[in-house]
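Engineer: In order, the protein sequences belong to chains A and B.
Numbering-wise (the numbering used here), the first sequence opens with residue 1 and increments by one.
Numbering-wise (the numbering used here), the second sequence opens with residue 113 and increments by one.
Glycine included, C-beta positions come from ideal geometry on N, C-alpha and C.
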Amino acid sequence: QKEVEQNSGPLSVPEGAIASLNCTYSDRVSQSFFWYRQYSGKSPELIMSIYSNGDKEDGRFTAQLNKASQYVSLLIRDSQPSDSATYLCAVNIRGSQGNLIFGKGTKLSVKP
Amino acid sequence: DGGITQSPKYLFRKEGQNVTLSCEQNLNHDAMYWYRQDPGQGLRLIYYSQIVNDFQKGDIAEGYSVSREKKESFPLTVTSAQKNPTAFYLCASRGLAGSLGYNEQFFGPGTRLTVL
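Structure representation (structure tokens):
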């Protein structure tokens, strides 16, 4: 059974701090990795995609991928109260026809 | 505006009724998906379709049915055989094979179904 694991949290950080969200996956042939943000009562919104080892930066967000260790992380710099949401990690496995496996999400709370 | 629409936003069903949830996209995406989300749970795949007139069961297809007669539309029927249908239902679509970001899925706003 291919799995994606996330710490459910809640992860609480003060405003302006760096929030670090982690995700591990079980299948070594995973190819594509995604982070979605989901506000309470809303649908998931894609915020980052990463396909190769290393870091990918987009504004205050940085995704980090380490395929050898089978983890992907999301860093949020200068965290704002508006970043308070649940963050879902999703993984695409080669040969799965583009289907994604989702983690259960980490709830982030940014305190003013 | 390009995007994915779902209707209705809220739906109430009596026990024993079938209900159909609508999902429409104007992104020219080939693939479409239906997920179910329960409180504190991740997304679970119900059905997916890679192409018109073809669809496959996901992990929790029992009690659900779909059709894909048009590229833009992928309705989901929740039948009376689904024992615990109260949940948040999410439709997603994925871009063209070979395009940049091929595996990226984008979600509609969701339908919240409650069984009375």
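Can you name the start and end residues of the beta strand (DSSP E) that B:Glu-136 belongs to?
Structural biologist: 131-137
Engineer: Do B:Gly-118 and B:Gly-222 have their CB atoms nearer than 8 Å?
Structural biologist: As written in the sequence, residue 118 of chain B is Gln, which differs from the Gly given in the question. The answer is yes: Cβ separation under 8 Å.
Engineer: Could you compute how far the alpha carbon of A:Gly-9 sits from the alpha carbon of A:Ser-109?
Structural biologist: 9 Å
Engineer: Counting only Cβ pairs nearer than 8 Å, list the residues of chain B close to A:Ser-84.
Structural biologist: Going along chain B, no residue has its Cβ under 8 Å from A:Ser-84, so there is no contact; the nearest lies around 17 Å.
Engineer: Which chain B residues sit within Cβ distance under 7 Å of A:Gly-105?
Structural biologist: Here the neighbours are Gly-154.
Engineer: State buried or exposed for A:Tyr-51, treating a residue as buried only when at least 16 other CB atoms are found within 10 Å of its CB.
Structural biologist: exposed
Engineer: Between A:Gly-98 and chain B, is the shortest Cβ-Cβ distance under 8 Å, so that the two count as touching?
Structural biologist: yes
Engineer: In the DSSP assignment, the beta strand (DSSP E) including A:Phe-33 goes from what residue to what residue?
Structural biologist: Segment 30-38, the beta strand (DSSP E) holding A:Phe-33.
Engineer: With DSSP run on the structure shown, which of helix, strand or coil describes B:Pro-197?
Structural biologist: Coil at B:Pro-197, not helix or strand.
Engineer: Please report the straight-line C-alpha distance between A:Ile-76 and B:Val-131, rounded to a whole angstrom.
Structural biologist: 40 Å
Engineer: Looking only at C-alpha atoms, which of A:Tyr-71, A:Gly-98, A:Asn-99 and A:Tyr-87 sits nearest to B:Gly-152?
Structural biologist: A:Tyr-87
Engineer: Can you check DSSP and say which residues form a bridge with A:Glu-120?
Structural biologist: Residue numbering for chain A in the displayed model covers 1 to 112; residue 120 of chain A lies beyond these limits and cannot be assessed.
Engineer: Is the shortest distance between the beta-carbon of B:Gln-137 and the beta-carbons of chain A less than 8 Å?
Structural biologist: For B:Gln-137, the answer is no, since every Cβ of chain A falls outside 8 Å of its Cβ.
Engineer: Is the CB of B:Gly-175 under 8 Å away from at least one CB in chain A?
Structural biologist: With 8 Å as the cut-off, B:Gly-175 does not count as an interface residue toward chain A.
Engineer: Do A:Leu-46 and A:Phe-34 have their beta-carbon atoms positioned less than 8 Å apart in this structure?
Structural biologist: yes
Engineer: Among B:Gln-217, B:Asp-166, B:Leu-202 and B:Phe-124, which has the Cα closest to the Cα of B:Glu-181?
Structural biologist: B:Asp-166
Engineer: Check whether the segment 133-146 of chain B and the segment 66-86 of chain A are in contact - that is, three or more C-beta pairs closer than 8 Å.
Structural biologist: The segment 133-146 of chain B, when compared against the segment 66-86 of chain A, does not touch it at the 8 Å Cβ threshold.
Engineer: I'd like the span of the beta strand (DSSP E) that includes A:Ala-68, first residue to last.
Structural biologist: Segment: none, A:Ala-68 is in no beta strand (DSSP E) and carries neither H nor E.
Engineer: Compare the Cα-Cα distances from B:Ile-172 to each of B:Gly-154, B:Gly-220, B:Asp-142 and B:His-141 and report the closest residue.
Structural biologist: B:Gly-154
Engineer: Tell me, to the nearest whole angstrom, how far the beta carbon of B:Asp-150 is from that of B:Ala-199; I am working on the premise that it is less than 8 Å.
Structural biologist: 5 Å
Engineer: Hey, does B:Ala-199 have any beta-carbon neighbour from chain A nearer than 8 Å?
Structural biologist: Taking 8 Å as the threshold, the shortest C-beta distance from B:Ala-199 to chain A does not fall below it.
Engineer: Cα separation between B:Arg-125 and A:Thr-24?
Structural biologist: Using only the alpha carbons, I get a separation of about 38 Å.
Engineer: Would you say B:Glu-184 lies against chain A (beta-carbon separation less than 8 Å)?
Structural biologist: no
Engineer: Using DSSP with H/G/I as helix, E/B as strand and the rest coil, what is B:Asp-166?
Structural biologist: strand
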